[in-house]
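I have placed the structure first, in the form of structure tokens, so that the comments after it can refer back to it.
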Amino acid sequence: MINDMTNVEDEHLQHQFHRIYIHRYENVSILFADVKGFTNLSTTLSAQELVRMLNELFARFDRLAHEHHCLRIKILGDCYYCVSGLPEPRPDHAHCCVEMGLSMLKTISATCSRLQHTCCSLRLRAGIMQCEAAALLQHSRLH
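Quick note: UniProt numbering has the sequence shown finishing at residue 143, numbered continuously throughout.
Below, the structure written as structure tokens:
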């Protein structure tokens, strides 16, 4: 009977597309940032200019995240999410996110100055949350 149960489990695993691994972190900080004014800017720039500008901005945010010991979680439209305190726990995770947010503000300001666009009124709305987190790693099966 035990052999039968093992075979059923093996068959089940063969049909899984993703194997999921979860790691729990007791203390992390998450920064949520929304680029305010992006929608208004989209009415004055071409689609190509807008995508290029947003790509450059988020590439700068990624470099800042690395400098401030943060890890980008997701970009969703004009929102940027990053976390500090994982995958390596850090006692200064909240400070890292605050410094990241301040650097993002400077980057937004520099981007508007560089664009020299009269309608450029980009701002940053950001919040930081300290919490427990579960990090999920999916591993795709490739055959």
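For glycine and all other residues, C-beta sits at the position ideal for the given N, C-alpha and C.
Contact under 7 angstroms by Cβ, Arg125 with Asp34: Taking 7 angstroms as the Cβ cut-off, Arg125 and Asp34 qualify as a contacting pair.
What are the start and end residues of each continuous alpha helix (DSSP H) run of 4 or more residues lying completely inside the segment 28-53, in chain order? Here the runs fully enclosed are 38-41.
Per DSSP, Cys97 is paired with what? Beta-bridge partners assigned by DSSP to Cys97: none are found.
Have a look at Ala110 and Met100 and give me their C-alpha separation to the nearest angstrom. Straight-line Cα distance between these residues: approximately 15 angstroms.
Residues near Ala134 by beta carbon distance below 8 angstroms, same chain, minus five either side: Excluding sequence neighbours, Ala134 sits near Ile22, His23, Arg24 and Tyr25.
Grouping DSSP H, G and I as helix and E and B as strand, with all else coil, what is Leu57? Leu57 carries a helical assignment under DSSP once its states are collapsed to helix, strand and coil.
Classify His93 as buried or exposed, calling it buried when 16 or more other Cβ atoms lie within 10 Å of its own Cβ. By the neighbour-count rule (16 or more Cβ atoms within 10 Å), His93 is buried.
With a Cβ-Cβ cutoff of 7 angstroms, do Ile20 and Met129 count as a contact? Cβ distance not < 7 angstroms, so Ile20 and Met129 don't count as in contact.
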